[in-house]
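Student: Just so you know, the protein sequences line up as chains C, G, W and H, in that order.
For what it's worth, this note's numbering labels the leading residue of the first sequence as 310, then goes sequentially.
For what it's worth, this note's numbering labels the leading residue of the second sequence as 310, then goes sequentially.
For what it's worth, this note's numbering labels the leading residue of the third sequence as 310, then goes sequentially.
For what it's worth, this note's numbering labels the leading residue of the fourth sequence as 310, then goes sequentially.
Next up is a structure, given as structure tokens.
There are 4 protein chains.
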Amino acid sequence: MAGNSFGKLFNLTTYGESHGPALGGVIDGCPPGVTLDIEAIQNELNRRKPGQSAIVTQRKEPDTVKFHSGIFEGKTTGTPIGFVIENTNQKSHDYSHIKDSYRPSHADYTYDQKYGLRDYRGGGRSSARETACRVVAGAIAKQVLKDVEITAYVSAVGTMKLDKLYTELDLSQTESNAVRCPDQTMAANMETYIKEVRSKGDTVGGIVSCVIKNVPVGLGEPVFDKLHAELGKAMLSINAVKGFEYGSGFHGSTMYGSAHNDAFNTDGSTKTNYSGGIQGGISNGMDIYFNVAFKPVATLIQKYDTIDKDGNIVEMQGKGRHDPCVVPRAVPIVEAMAALVLADFYLLNKMY
Amino acid sequence: MAGNSFGKLFNLTTYGESHGPALGGVIDGCPPGVTLDIEAIQNELNRRKPGQSAIVTQRKEPDTVKFHSGIFEGKTTGTPIGFVIENTNQKSHDYSHIKDSYRPSHADYTYDQKYGLRDYRGGGRSSARETACRVVAGAIAKQVLKDVEITAYVSAVGTMKLDKLYTELDLSQTESNAVRCPDQTMAANMETYIKEVRSKGDTVGGIVSCVIKNVPVGLGEPVFDKLHAELGKAMLSINAVKGFEYGSGFHGSTMYGSAHNDAFNTDGSTKTNYSGGIQGGISNGMDIYFNVAFKPVATLIQKYDTIDKDGNIVEMQGKGRHDPCVVPRAVPIVEAMAALVLADFYLLNKMY
Amino acid sequence: MAGNSFGKLFNLTTYGESHGPALGGVIDGCPPGVTLDIEAIQNELNRRKPGQSAIVTQRKEPDTVKFHSGIFEGKTTGTPIGFVIENTNQKSHDYSHIKDSYRPSHADYTYDQKYGLRDYRGGGRSSARETACRVVAGAIAKQVLKDVEITAYVSAVGTMKLDKLYTELDLSQTESNAVRCPDQTMAANMETYIKEVRSKGDTVGGIVSCVIKNVPVGLGEPVFDKLHAELGKAMLSINAVKGFEYGSGFHGSTMYGSAHNDAFNTDGSTKTNYSGGIQGGISNGMDIYFNVAFKPVATLIQKYDTIDKDGNIVEMQGKGRHDPCVVPRAVPIVEAMAALVLADFYLLNKMY
Amino acid sequence: MAGNSFGKLFNLTTYGESHGPALGGVIDGCPPGVTLDIEAIQNELNRRKPGQSAIVTQRKEPDTVKFHSGIFEGKTTGTPIGFVIENTNQKSHDYSHIKDSYRPSHADYTYDQKYGLRDYRGGGRSSARETACRVVAGAIAKQVLKDVEITAYVSAVGTMKLDKLYTELDLSQTESNAVRCPDQTMAANMETYIKEVRSKGDTVGGIVSCVIKNVPVGLGEPVFDKLHAELGKAMLSINAVKGFEYGSGFHGSTMYGSAHNDAFNTDGSTKTNYSGGIQGGISNGMDIYFNVAFKPVATLIQKYDTIDKDGNIVEMQGKGRHDPCVVPRAVPIVEAMAALVLADFYLLNKMY
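Structural data, given as structure tokens:
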């Protein structure tokens with residue numbers, strides 16, 4: 310109810326602030342008998358963690374996950390999986406500059422207004438550090454889903470856009486560069502661009518695209534819990550996301566029905582896939598694909614004026630170790646949230 | 310769980326098939342003591358109903374809502390509000406042409422695959438006729454929200470796009486034309502265009518934009534149930550929706566942080582509003598605005614080949630009374646879903 | 310959230326006041342493909358309805374259920390089942406005597422205090438008339454559960470108690486008398502007793518016992534949603550219920566472990582069944598049995614003093630058509646709630 | 310869904326096995342701004358912990374709770390409160406004797422049947438050790454509830470029953486003896502009795518009674534989520550509970566309405582309180598009181614025959630450190646679960 314749980318049958322509850330002692334979570338509803346590859350889970354965390362390349366924040370956090378329950382002799386037991394990620398880098402910073410002031414386009418103001426107080430250290434709960442827990446749970450969800458392949462990649466950084474559909478790309482190249490763009494030339498350009506942006510103390514937005522293959526037919530619970538509606542909610546719940554589109558997306562709104570309809574092959578597959586693998590809110594077995602738009606990070610390494618909680622104008626100066634562009638690190642987060650949605654619908658669909 | 314309920318505290322459950330005896334629903338959690346304007350509710354239904362203008366489906370349905378409970382002496386009592394909308398136009402059509410065949414880009418195939426059978430009359434549960442119940446509940450939610458103003462309008466039909474922000478438009482003009490576009494010249498062009506498309510037996514997509522004013526600060530429940538995440542889910546749950554963006558949206562992904570950040574005024578309002586009225590998943594009191602992309606309606610008045618359930622190729626012919634473009638009728642549905650989301654968060658926020 | 314829904318996967322939402330136009334509900338999550346026996350559903354309603362015998366309220370209500378959706382060609386479709394039971398006997402009584410006064414041990418006072426107003430006609434939402442909807446849904450749940458046999462019966466009326474375990478009774482005799490007690494001699498005595506109580510304008514409590522046979526092993530979701538915990542909640546949610554015990558129950562608290570433990574047979578069944586068919590919150594395949602205590606009906610056909618909403622003492626006089634003892638009519642309600650719990654856990658257990 | 314969460318707005322999710330590395334949980338929905346008394350929380354844990362007196366299990370566990378989030382500068386922040394209790398006493402026991410065998414009246418058989426495997430060390434998830442997390446959350450709920458007083462005590466051990474209503478007892482004496490019975494003479498007798506039972510390697514059941522004072526009027530959400538229905542579920546979810554009754558309880562079923570009705574005083578309070586502080590599922594401001602029946606612990610320090618998972622008869626011998634009677638340690642657990650229910654309804658009631 311209070312917003313820190315996700316999923317119905319495969320349910321994740323998370324906790325933790327950016328600079329508290331630890332983050333953690335509970336996965337309730339993971340099926341029993343799944344042989345967990347713990348290293349694969351840690352690998353997903355490593356894809357998200359700070360300091361992994363020259364174009365992401367240089368905060369140092371090992372982000373090591375420890376499991377407390379729900380796993381016995383290497384297998385899930387069907388009981389809740391509790392896990393913890395310690396914050397090792399919670400040094401007693403001087404936060405006096407943000408304690409009473411509201412950074413523009415951050416959650417400082419709204420948290421204070423809603424809750425009456427906030428843990429201001431490093432953004433507290435509103436920090437994207439929280440997504441580490443999503444990655445842990447998503448990595449487990451991937452192992453539950455077995456044959457389903459979920460692959461995200463960066464398709465735009467600022468105005469630099471990869472104008473190709475995923476079918477024209479070699480997605481196996483995604484992890485070979487720091488940007489996580491499967492087109493190596495574009496990736497190199499994006500990397501140069503991100504460095505330029507950072508050198509000015511500025512930030513820039515971008516787009517993460519995601520493809521899901523081998524989805525069983527039948528996932529999704531209309532009329533409200535349509536598969537794409539939950540995917541959309543999942544993506545929009547990630548920090549900094551401003552938009553979501555699947556299949557033909559916004560472009561589809563400009564098309565004629567005669568061009569947009571996906572004619573059937575005799576096996577139930579379709580010749581085109583403007584539907585994006587979902588019809589009437591239910592997966593049809595074709596690839597699901599979607600785009601997620603991220604705004605530029607709000608923390609600039611620049612001086613600016615803002616207000617304190619009494620409405621006085623104060624000068625602030627962003628410091629430190631922030632991402633100039635979130636999309637490279639957002640790739641595993643997008644995959645994790647997609648995995649959570651699919652695992653949940655996969656279990657729900659067993660009801661039928 | 311099975312997908313026909315929406316909202317936590319202000320909760321709507323709907324039922325009904327396109328050609329069954331009736332649609333209906335239950336609103337549980339409506340606050341007590343609200344003096345309901347029943348005519349205003351019926352007016353919202355009338356904005357959605359078929360046959361209201363020359364550019365929408367000519368199916369005739371009075372769509373009269375009857376209330377069974379939860380209202381006493383003109384006021385809500387805090388007990389569940391049950392309501393029914395009878396289907397008067399459920400003539401015993403000949404549906405043999407769709408009974409065993411799957412129309413492209415409809416839910417015929419996925420419903421059959423998921424449930425093992427389907428009510429094929431007029432699309433059954435997958436018909437957008439279901440949204441009538443959402444409009445009833447949304448109209449009540451609007452009355453709960455009182456000062457909050459929710460206004461949707463058509464901003465694009467096919468490639469005809471109103472390239473203005475809502476602040477440049479006179480939204481009071483929206484209902485003065487059949488398209489529900491606040492720019493009268495554009496509206497006239499769109500109307501002509503929709504008629505052309507229909508005359509070819511084709512359909513076209515479009516975009517509905519929505520603005521919400523006077524939202525209290527503090528609505529939204531991070532980290533998963535962010536205000537925009539629930540709005541996104543709500544919109545994506547509407548039939549034919551392919552995309553959702555709020556505030557700066559997809560365009561925001563191309564911007565620099567230095568341009569995108571919304572500087573504060575001393576009263577906590579912001580000088581710009583790229584954030585779209587939401588920071589960190591919580592409303593900040595500025596206007597919320599978003600776009601919803603609709604694909605073209607899948608039912609064409611044309612001949613085409615498709616498959617039956619045994620995988621044989623069969624020829625079909627769309628008939629009858631379909632919308633050439635859904636966006637004019639989608640305007641009240643978008644508003645209704647927005648109202649449901651806000652009413653729910655408004656009640657949840659009373660916890661604090 | 311607001312309390313009018315029950316169940317997770319097999320979910321019932323109900324609405325309706327005692328003297329409003331109709332009661333009704335929605336069952337969301339009923340599996341598709343179940344051939345529904347509509348007459349069997351109506352029969353369950355008839356077991357609950359007023360006026361069925363000389364020892365129950367003489368209010369006349371046909372209690373005919375009409376289905377609006379979710380059933381096609383005789384089978385459930387997996388979409389929500391909407392249903393309505395009209396109140397035909399909602400005559401414009403004179404309710405001035407209870408409008409502003411609070412009847413003792415009724416919900417008049419608490420509803421007014423909680424909601425700020427109430428539909429006072431016939432008790433409004435707090436009337437046990439609401440349970441008609443539970444019986445409809447329970448009758449469908451029984452058909453989903455197929456081989457599971459749920460049988461309730463009256464085991465006590467006031468101090469008249471059937472001191473035999475269900476295994477010593479011929480439960481097929483339950484429906485052969487108006488009291489619904491399987492022991493015919495006891496039933497006759499109870500009937501006489503209830504008539505005596507009524508003739509004094511008084512009421513009396515009683516106990517309904519219930520046995521569930523052929524339960525699959527594995528139902529129940531510890532640690533919080535234990536099978537008996539949900540059964541207990543289900544029973545306690547029925548009007549006038551004051552207590553619940555299962556298996557050895559309160560008597561079990563007086564026993565030694567050496568006497569109470571149920572030794573296994575080699576097939577996993579147990580030699581005794583003090584556990585009541587549930588171990589650790591999960592069904593073990595043995596019979597589930599439990600008792601439900603009902604208080605005496607609060608409405609007496611006597612004069613008494615009470616208060617009005619301004620705290621003045623007023624004299625009231627119960628009138629009309631009330632049950633002198635609820636347990637005979639509670640039997641199908643207990644069965645219905647048990648069926649809802651089991652159907653829900655049955656579906657949830659498919660996740661594993 | 311999978312059963313390890315409790316509460317709607319004030320929501321607790323727990324994890325942990327008896328002999329895993331740690332137990333823990335997340336409280337989501339705790340209101341912000343509550344100054345937490347951490348020592349009071351630890352004190353509640355100490356009331357539950359093993360080894361505290363001569364009549365409880367001698368397992369040694371410090372049961373120290375550590376908080377990871379949701380608390381800042383001594384106050385709750387409104388974000389989720391993550392906490393951990395390490396298992397320090399998880400020595401690598403030899404569990405071969407229970408690994409493949411099913412102890413009678415334990416959850417061994419049902420867990421294996423449901424999940425296909427189980428963590429057999431010390432009962433795994435089915436161990437009452439899990440209730441430590443409930444006590445932590447309940448202790449926080451008590452601090453949220455401020456003026457509400459929740460007091461449980463032992464009212465029966467085996468056939469030794471304290472036949473007095475709580476109003477005749479001095480509840481301040483409860484904690485002064487190891488049994489937690491407020492009548493000192495009875496407490497002494499019970500203690501002697503429990504020691505005798507233990508000396509025979511046997512166990513015995515008992516009853517915990519609970520009183521809740523200063524409850525605001527209006528808590529509870531009929532028709533399904535009645536206050537007493539949720540209290541009943543909460544109590545029945547505690548290990549070893551077989552029955553629940555509130556107010557007049559099972560005895561009430563033997564009474565006449567004329568004796569059972571609670572006449573009003575002019576201030577809305579009632580002269581008697583057979584209703585147990587709840588009318589129509591909503592608190593009326595009078596004391597809430599209820600009884601919870603516990604079966605005898607299943608683990609005996611005796612030899613007995615049982616079966617292994619292949620259906621062979623095997624001889625087992627209970628060992629070690631078990632409670633001869635659970636009720637003394639169950640007292641704080643009953644209070645904790647009551648506090649969770651009330652805190653949840655308290656927050657829900659803010660909606661109105």
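Even glycine gets a Cβ: it sits at the ideal position worked out from N, Cα and C.
Kindly say whether proline 641 of chain W, judged by its beta-carbon, lies nearer than 7 Å to any beta-carbon of chain G.
Tutor: Here residue 641 of chain W refers to the residue found at position 332 when the third sequence is read from its first residue. It does not; no Cβ of chain G falls within 7 Å.
Student: Near leucine 540 of chain G, which residues of its chain fall below 6 Å by C-beta distance, leaving aside the five closest residues on each side in sequence?
Tutor: As a working note, residue 540 of chain G is residue 231 in the second sequence. Cβ within range, chain order: Val650.
Student: Could you work out which residues of chain G lie near proline 525 of chain H, taking near to mean beta carbons separated by less than 8 Å?
Tutor: Residue mapping note: residue 525 of chain H aligns to position 216 of the fourth sequence, counting from 1. In chain order: nothing, as chain G lies at least about 15 Å away.
Student: Can the beta-carbon of glycine 558 of chain W be found less than 7 Å from the beta-carbon of tyrosine 583 of chain W?
Tutor: To locate residue 558 of chain W, count along the third sequence from 1; it is residue 249. To locate residue 583 of chain W, count along the third sequence from 1; it is residue 274. No, the Cβ-Cβ distance between glycine 558 of chain W and tyrosine 583 of chain W is not below 7 Å.
Student: Within 10 Å of its beta-carbon, does glutamine 588 of chain W have 16 or more other beta-carbons around it, so buried, or fewer, so exposed?
Tutor: Sequence index remark: in the third sequence, residue 588 of chain W carries index 279 (1-based). Classification for glutamine 588 of chain W: buried.
Student: Just to confirm before moving on: does the CB-CB distance between threonine 386 of chain G and aspartate 428 of chain W stay below 7 Å?
Tutor: Position 77 of the second sequence, counting from 1, holds the residue named residue 386 of chain G. Position 119 of the third sequence, counting from 1, holds the residue named residue 428 of chain W. Yes, the Cβ-Cβ distance between threonine 386 of chain G and aspartate 428 of chain W is below 7 Å.
Student: Determine the contact status of methionine 595 of chain C and threonine 579 of chain C, defining contact as a CB-CB distance below 7 Å.
Tutor: Here residue 595 of chain C corresponds to residue number 286 of the first sequence, with the count starting at 1. Here residue 579 of chain C corresponds to residue number 270 of the first sequence, with the count starting at 1. For methionine 595 of chain C and threonine 579 of chain C, yes; Cβs fall inside 7 Å.
Student: Considering only residues of the same chain and omitting the five flanking positions on each side of alanine 538 of chain W, which have a CB-CB separation below 8 Å?
Tutor: Position 229 of the third sequence holds residue 538 of chain W. Here the set comprises Gly590.
Student: Following a CB-centred definition, is alanine 441 of chain G positioned closer than 6 Å to any heavy atom of the ligand NAD?
Tutor: Ligands in the displayed structure: none, and consequently the ligand NAD is not present.
Student: How close, in whole Å, do the beta carbons of lysine 535 of chain G and leucine 332 of chain C come, if the pair is a contact with beta carbons under 8 Å?
Tutor: Position 226 of the second sequence holds residue 535 of chain G. Position 23 of the first sequence holds residue 332 of chain C. Not a contact, Cβ separation roughly 18 Å.
Student: With arginine 630 of chain C and glutamine 367 of chain C assumed to form a contact (beta carbons below 8 Å), what rounded beta-carbon distance in angstroms separates them?
Tutor: On the first sequence, position 321 is the one that residue 630 of chain C refers to. On the first sequence, position 58 is the one that residue 367 of chain C refers to. Yes, they are in contact, since the Cβ atoms of arginine 630 of chain C and glutamine 367 of chain C sit about 5 Å apart, within 8 Å.
Student: Is the shortest distance between the beta-carbon of methionine 310 of chain G and the beta-carbons of chain C less than 7 Å?
Tutor: Here residue 310 of chain G corresponds to residue number 1 of the second sequence, with the count starting at 1. Yes, methionine 310 of chain G counts as interfacial toward chain C.
Student: Is it right to say leucine 474 of chain G is buried, meaning 16 or more other beta carbons lie within 10 angstroms of its own, or is it exposed?
Tutor: Counting from one through the second sequence, the residue named residue 474 of chain G turns up at place 165. Burial call: exposed.
Student: Count Cβ pairs between the stretch 317 to 325 of chain G and the stretch 468 to 488 of chain C that sit closer than 8 Å; are there 3 or more?
Tutor: no
Student: Leucine 318 of chain H CB to nearest chain G CB: under 7 Å?
Tutor: Translated into the one-based positions of the fourth sequence, residue 318 of chain H becomes position 9. Yes, leucine 318 of chain H lies at the interface with chain G (some Cβ there is under 7 Å from its Cβ).
Student: Taking only beta carbons into account, state which residues of the stretch 501 to 517 of chain W come closer than 9 Å to chain H, listed in chain order.
Tutor: Within the stretch 501 to 517 of chain W, the residues whose Cβ lies closer than 9 Å to some Cβ of chain H are Val506, Lys509, Gly510, Asp511, Thr512, Val513, Gly514, Gly515 and Ile516, listed in chain order.
Student: Whose C-beta lies closer than 8 Å to the C-beta of tyrosine 411 of chain C among residues of the same chain, with five residues either side of it excluded?
Tutor: Locating residue 411 of chain C in the first sequence gives position 102, counting from the first residue. Answer for tyrosine 411 of chain C: Asp417, Tyr418, Asp421, Thr615, Ile616, Asp617 and Lys618, listed in chain order.
Student: If we cut at 7 Å on Cβ distances, does methionine 625 of chain C have a partner in chain G?
Tutor: Taking the first residue of the first sequence as position 1, residue 625 of chain C is located at position 316. Among the CB atoms of chain G, none fall inside 7 Å of the CB of methionine 625 of chain C.
Student: Identify the residues that DSSP records as bridge partners of serine 518 of chain H: which are they?
Tutor: Numbered from its first residue, the fourth sequence carries residue 518 of chain H at position 209. Answer by DSSP bridge pairing, in chain order: H:Tyr462 and H:Asn600.
Student: Which residues, in order along the stretch 414 to 434 of chain W, keep a beta-carbon less than 9 Å from a beta-carbon of chain G?
Tutor: Tyr420, Lys423, Tyr424, Gly425, Leu426, Arg427, Asp428, Tyr429, Arg430, Gly433 and Arg434
Student: Give me the Cα-Cα distance between threonine 494 of chain G and serine 485 of chain G, rounded to the nearest whole angstrom.
Tutor: For the purposes of this step, residue 494 of chain G is identified with residue 185 of the second sequence, where counting begins at 1. For the purposes of this step, residue 485 of chain G is identified with residue 176 of the second sequence, where counting begins at 1. Looking at the two C-alpha atoms, the distance is approximately 12 Å.
Student: Glutamine 611 of chain H touches chain W at which residues, Cβ-Cβ below 8 Å?
Tutor: Position 302 of the fourth sequence, counted from the first residue, corresponds to residue 611 of chain H. By Cβ distance, chain W contributes Ser567.
Student: Between the beta-carbon of threonine 323 of chain H and the beta-carbon of cysteine 490 of chain H, is there less than 7 Å?
Tutor: Counting from 1 along the fourth sequence, the entry for residue 323 of chain H is found at position 14. Counting from 1 along the fourth sequence, the entry for residue 490 of chain H is found at position 181. No.
Student: Using the C-alpha atoms, what's the distance from alanine 496 of chain G back to valine 520 of chain C?
Tutor: Counting from 1 along the first sequence, the entry for residue 520 of chain C is found at position 211. Counting from 1 along the second sequence, the entry for residue 496 of chain G is found at position 187. About 37 Å.
Student: Nearest chain G C-beta to methionine 660 of chain H closer than 7 Å, yes or no?
Tutor: Numbered from its first residue, the fourth sequence carries residue 660 of chain H at position 351. Chain G contact via Cβ: present.
Student: Among G:Glu382, G:Leu426, G:Ser436 and G:Val532, which residue has its Cα nearest to the Cα of glutamate 326 of chain C?
Tutor: Here the question's residue 326 of chain C lines up with position 17 in the first sequence. Out of G:Glu382, G:Leu426, G:Ser436 and G:Val532, G:Val532 has the C-alpha closest to the C-alpha of glutamate 326 of chain C.
Student: At a Cβ cut of 8 Å, what residues of the stretch 326 to 341 of chain H count as close to chain G, listed as they run along the chain?
Tutor: Gly338, Pro340 and Pro341
Student: How would you list, in chain order, the residues of chain C whose beta-carbon sits under 9 Å from the beta-carbon of leucine 345 of chain W?
Tutor: Here residue 345 of chain W refers to the residue found at position 36 of the third sequence. Listed along chain C is no residue with a C-beta nearer than 9 Å to that of leucine 345 of chain W; the closest approach is about 17 Å.
Student: Give the C-beta separation of phenylalanine 392 of chain H and valine 374 of chain H to the nearest angstrom, bearing in mind that I take them to be a contact with Cβ-Cβ under 8 Å.
Tutor: Position 83 of the fourth sequence, counting from 1, holds the residue named residue 392 of chain H. Position 65 of the fourth sequence, counting from 1, holds the residue named residue 374 of chain H. Contact check for phenylalanine 392 of chain H and valine 374 of chain H: beta-carbon distance about 5 Å, within the 8 Å limit, so the pair qualifies.
Student: With DSSP collapsed to three states, give me the class of lysine 612 of chain W.
Tutor: Walking along the third sequence from the start, residue 612 of chain W turns up at place 303. If DSSP states are grouped into helix, strand and coil, lysine 612 of chain W belongs with the strands.
Student: On the CB-based measure, 16 or more other CB atoms within 10 Å of its CB, does glutamate 530 of chain G come out buried or exposed?
Tutor: Counted from its first residue, the second sequence places residue 530 of chain G at position 221. Buried is the call here.
Student: Taking 7 Å as the CB-CB limit, is leucine 454 of chain C close to chain W?
Tutor: Against the first sequence, residue 454 of chain C aligns to sequence position 145. Chain W contact via Cβ: absent.
Student: Is the beta carbon of tyrosine 598 of chain C closer than 7 Å to that of glycine 585 of chain C?
Tutor: On the first sequence, position 276 is the one that residue 585 of chain C refers to. On the first sequence, position 289 is the one that residue 598 of chain C refers to. Yes, they are a contact pair.
Student: Using CA atoms only, rank isn't needed, just tell me which of W:Thr501, W:Phe376, W:Ile547 and W:Gly425 is closest to glutamate 439 of chain W.
Tutor: Within the third sequence, numbered from 1, the residue matching residue 439 of chain W stands at position 130. If we check each option's Cα against that of glutamate 439 of chain W, W:Ile547 comes out closest.
Student: Within 7 Å (strictly less), CB to CB, does isoleucine 380 of chain H reach chain W?
Tutor: By 1-based counting over the fourth sequence, the position of residue 380 of chain H is 71. Isoleucine 380 of chain H does not count as touching chain W.
Student: Once you ignore the five residues that flank threonine 350 of chain H on each side, which residues in its own chain have a CB closer than 7 Å to its CB?
Tutor: Position 41 of the fourth sequence, counted from the start, is the residue given in the question as residue 350 of chain H. Per the sequence shown, residue 350 of chain H should be read as isoleucine rather than threonine. If the five residues before and after isoleucine 350 of chain H are omitted, its C-beta is found closer than 7 Å to the C-beta atoms of Val374, Val445, Ala448 and Ile449, all from its own chain and listed in chain order.
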